[in-house]
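For the sequence shown, the numbering used here gives the first residue as 47, with consecutive numbering after it. In this text, a Cβ means the ideal position worked out from N, Cα and C, and glycines have one as well.
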Amino acid sequence: MTTPATSPSANANLFAALRAAFPADLDGIAVETDDGLFYSWRDLDRASAMVANLLDALELEPGARIAVQVEKSVEAMILYLATLRAGYVFLPLNTAYRGAEIEYFIGNAEPAVMVCSSANASWVGPIATAAGTQHVFTLDDDRTGTLLEVAALCSDQHTVAQKGDDDLAAILYTSGTTGRSKGAMLTHRNLLSNAQVLKDYWGWRGVEEGGDVLIHALPIFHVHGLFVAIHGALINGSKMIWLNRFDPKRVVARLPDATVFMGVPTLYVRMLAEPGLTKKACANMRLFIAGSAPLLIETFGEWQARTGHTILERYGMSETAMLTSNPYNPVQGERRGGTVGFALPGVQLRVRSSEEGREGLDCGTDEIGNIEVDGPNVFAGYWRMPEKTKEEFTADGFFKTGDVGKIDGLGYITIVGRSKDLIISGGYNVYPAEIEGYINELPGVAESAVVGVSHADFGEVGVAIVIAKPGAQVDGDAVLATLKARLANFKIPKRCFVVPELPRNAMGKVQKALLREQHKDLFKR
Ligand code: MLC
Ligand code: AMP
């Protein structure tokens, strides 16, 4: 059962906890951008107050959603902090999303405010307005845009909005194997409890212990970059070295100035290709953390050999924030490559059988089954989808992750696969059902299957296999070109084959395992 992250009388607003952790010296550096800008703790406090005052002046309804699709910048992070501070609900959107995707998210979430880049305002603005959004602002990654122009006129003093543990802080959209994307509703308690656990578990060092410095190189519209990284640094009063875009050369160049790095496996693979990645470059580093997708044991081993550091792999989801982690403290055990470590303190994690006749029974040691979780970090449900929410929880309140794994005798958890049909490409989720839906609507296409195959850089990528209607001519490259105009770039399959038929089992179901096997060596190193 969940316990409150804060006492009933205290303000459960996540921002209040982050703000309370700012160092006493507000003139110290909170964020240094890789292109030479410095933001003090006072700057973060004042700027978030100004944007929060702007939001307050709009007199939005309680629980109003602030949808944001902007390029990464420190100001975009400040907008996130301001949204929490003012007590509204942050709704980040991947910058790769195109018209149809944005139209769905806006239509479904009905945000009161939309913030987009000025380059996209001409198409995002009308979509938002048509969906009833009252306020559209722009924000660019060069500190320009109408949001900052208006915020500049607002006071830099702001009282943090009073929030309860179960009030919503953010909605993150995740796709699904069937139907449209679902908005995972995360509360202040979900996010704060997770940040507090990770602060201890990963041994973040306070200012008095020399302080940590985090290299922030991930996008800030997903759990990893937005919550794990930003909350991790802020709740510890640690400085961030901020890169708007991941560039392996720049990250390697900044390692001597930092102590903590977080990345999806592709970031580690790309950094390993840099000759500058040496033991000497990493001498000041305390911790390298990986997650969001499986870290290959080869990458884990190569990293250890090259840098002398053992990557700490952890596992999480949009719906749950972080669930498990390899130990930081050697007293708790070694960091084991190929595993995602132990359930975090406060997280209950169990593996349940899906075998016929044993469905729902607890698996024994090393026995493979479905991973189910409970804890203060587990989300409040899918936005306006009570039925979907119900389906994804067990009768006794555990969330069904859709991941398949096992637990060994020492408690190390290994993820061996997924029961959900999902491809994780460079840390982004791609749902084959969504892509197949788009392909099947193209002229001349009878049906299609999209499968994930190994890729040296992205870990896994999609490959489309298409069947043409009798007499129709379909060109694989043309299919991909059409998809590119409609869908986020990371969702586009890397190859498309037009074949006479799809392999099927006796029940008539497409045998995706066979297709994966056929194409498994397309992108191997
Ligand atoms: C870019 N492309 C991708 C891709 N990213 N294709 C598949 N998968 C991806 N992830 C496309 C581009 O559109 C381009 O196509 C081509 O691949 C090459 O692009 P690139 O220049 O190499 O890509 P780049 O811009 O460098 O981006 C790669 C990346 C990025 C790895 C830096 O994908 C990234 O930041 N990934 C991190 C995702 C993340 O933060 N996930 C956390 C989710 S939270 P074309 O055709 O245009 O040339 C979560 C929970 C948890 O999962 O546990 O943390
Ligand atoms: P998302 O919906 O983007 O939050 O993605 C969550 C999914 O990413 C999880 O359900 C897992 O399938 C996967 N994932 C996250 N971390 C890991 C990891 N360390 N190893 C394997 N898969 C992971």
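Query: Residues that DSSP places opposite Asn416 in a beta bridge; Result: Arg398 and Val450
Query: Near the ligand AMP: Met231 beta-carbon under 7 Å from a heavy atom; Result: no
Query: Residue burial classification, Ala132 (beta-carbon count within 10 angstroms, cutoff 16); Result: buried
Query: Classification of Glu255 by the beta-carbon crowding that lies within 10 angstroms, buried from 16 upward; Result: exposed
Query: Asn535 classed as buried or exposed, judged by whether at least 16 other C-beta atoms fall within 10 angstroms; Result: exposed
Query: Spatial neighbours of Thr79 in its chain, beta-carbon cut-off 7 Å, leaving aside the 5 residues before and after; Result: Val120 and Trp288
Query: Burial state of Ile217, where buried means 16 or more other Cβ atoms lie within 10 Å; Result: buried
Query: Whole-angstrom C-beta distance between Leu390 and Met368, which should lie under 8 Å; Result: 6 Å
Query: Beta-carbon proximity list for Asn551, same chain, < 6 Å, skipping 5 on both sides; Result: Gln557
Query: Contact set for Ala263: own chain, Cβ-Cβ below 6 Å, skip 5 residues either direction; Result: Leu289, Phe292 and Val297
Query: Contained alpha helix (DSSP H) runs [length at least 4] in the region 163-250, N- to C-terminal order; Result: 167-176, 192-197 and 234-247
Query: Test item: CB-CB of Asn99 and Cys162 under 8 Å; Result: no
Query: Leu22 - DSSP class collapsed to helix/strand/coil; Result: One cannot answer for residue 22 here, as it falls past the ends of the chain, which runs 47 to 571.
Query: Bridge-paired residues (DSSP) for Asn59; Result: None, per the DSSP bridge assignment.
Query: Beta-carbon gap between Val520 and Ser471 smaller than 8 Å; Result: no
Query: Classification of Phe504 by the beta-carbon crowding that lies within 10 angstroms, buried from 16 upward; Result: buried
Query: Cα-Cα separation between Arg65 and Leu238, rounded to whole angstroms; Result: 12 Å
Query: Other residues of its chain near Ala339: CB distance less than 7 Å, five sequence neighbours each side excluded; Result: Val310, Pro311, Ile470, Gly473 and Gly505
Query: Best match in Leu185, Thr129 and Gly178 for proximity to Thr141 [C-alpha to C-alpha]; Result: Leu185
Query: For Thr385 and Thr460, believed in contact at Cβ under 8 Å, the rounded distance; Result: 5 Å
Query: Opposing strand residues paired with Ser86 [DSSP bridges]; Result: Ile75
Query: Beta carbon of Arg111 nearer than 8 Å to that of Leu137; Result: yes
Query: Cut-off 7 Å between Cβ atoms - residues of its own chain near Val419, not counting five sequence neighbours on either side; Result: Thr366, Leu369, Val393, Gln394, Leu395, Phe444, Phe445 and Thr447
Query: Close Cβ partners of Asn57 (< 6 Å) along its chain, the five nearest in sequence each way excluded; Result: Gln208
Query: Buried versus exposed, by CB contacts within 10 Å (16 or more), Phe61; Result: buried
Query: Check: Thr447 C-beta below 7 Å from any heavy atom of the ligand COA; Result: The ligand COA is not part of the structure shown, which contains the ligand MLC and the ligand AMP as its ligands.
Query: Ala215, buried or exposed, once every other Cβ within 10 Å from all chains shown has been counted against 16; Result: buried
Query: Contact the region 344-353 vs the region 275-285: 3+ CB pairs below 8 Å; Result: no
Query: Cross-strand partners of Tyr361 (DSSP beta bridge); Result: Thr370
Query: Nearest to Val525 (by Cα), restricted to the options Tyr219, Gly517 and Val509; Result: Val509
Query: Alpha carbon of Val476 to alpha carbon of Glu482, nearest angstrom; Result: 11 Å
Query: Spatial distance of Arg360 from Glu380 (CA atoms); Result: 13 Å
Query: Residues bridged to Ala389 [DSSP beta-bridge criterion]; Result: Thr370
Query: Reduced DSSP secondary structure (H/G/I, E/B, other) of Val578; Result: The requested residue 578 does not occur in the structure, where the chain is confined to residues 47 to 571.
Query: Proximity test, Tyr361 beta-carbon vs the ligand MLC heavy atom, cut-off 7 Å; Result: yes
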